[in-house]
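Chemist: So the numbering used here is basically just the index in the sequence shown, starting at one, shifted up by 14. Don't be surprised by glycine CBs; every beta carbon is placed ideally from N, CA and C.
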Amino acid sequence: MRIKSLAAVALLSAISLGASVPAKAANPAHVQRLLKTGECLKCDLSGANLKGAHLIGADLRNANLKGANLQNANLEGADLTGANLNGANLKQAFVNSTTLNNADLSNANLSNAKLYSAELEGATLIGANLNGTDVFNTNIGVGGGE
15 MRIKSLAAVA
25 LLSAISLGAS
35 VPAKAANPAH
45 VQRLLKTGEC
55 LKCDLSGANL
65 KGAHLIGADL
75 RNANLKGANL
85 QNANLEGADL
95 TGANLNGANL
105 KQAFVNSTTL
115 NNADLSNANL
125 SNAKLYSAEL
135 EGATLIGANL
145 NGTDVFNTNI
155 GVGGGE
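(1) I need the boundaries of the alpha helix (DSSP H) containing LEU48, first residue and last residue.
(2) In terms of residue numbering, what span does the beta strand (DSSP E) encompassing ALA128 cover?
(3) For THR152, which of ASN63, ASN123, VAL109 has the nearest alpha-carbon?
(4) I'd like to confirm the pairing. Which residues does DSSP put opposite ASN76 in its beta bridges?
(5) Nearest to LEU114 by CA position, among ALA142, LEU69, GLY136, is which residue?
(6) Output the distance between the C-alpha atoms of ARG75 and ASN98, rounded to the nearest integer angstrom.
(7) Looking at C-alpha atoms only, which residue of LYS128, LEU48, ASN83, ALA67 is the closest neighbour of ASP73?
(8) Just curious, the beta strand (DSSP E) that ASN110 is in, first and last residue?
Right under this line is the structure:
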């Protein structure tokens, strides 16, 4: 009986581990390029740890930042047009004069972020956390009109 129980536990553990395989991680070469040059168009930065990064004026157009940690990052003047920021952590980020047109910010954490003069035309913010976010001179739509 004990052997069957151990076998069952081992099988369930193997199944659980298989189900919790981590999501695809950022391309390390892309992370280094971004930090060195400030340019990373169409880069795979999914899940990257960019906490506190100084990304002033960075060119991140169409980059994949899904699930990336950008907490306390400085994105002043950065261009994230068309970027995927789904589920990204932008808590307390400084988003001043940042272009986020057509970006996907679904389920992103923007709590206590500073959104000053940011461009968000066509951006998706479904499920985004904006608690305590300081918004000034930013075109965030609040309705379904034209």
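Modeler: So, from the listed chains and residues:
(1) Note, LEU48: alpha helix (DSSP H), 42-51.
(2) Residue identity check: residue 128 is Lys in the sequence provided, not Ala. Its beta strand (DSSP E) spans residues 128-130.
(3) For the residues ASN63, ASN123, VAL109, the minimum Cα distance to THR152 belongs to VAL109.
(4) Paired residue(s): none; ASN76 is not in a bridge.
(5) The shortest Cα separation from LEU114 among ALA142, LEU69, GLY136 belongs to GLY136.
(6) Those two C-alpha atoms are separated by around 9 Å.
(7) That would be LEU48, whose Cα lies nearest to the Cα of ASP73.
(8) Unbroken beta strand (DSSP E) run through ASN110: 108-110.
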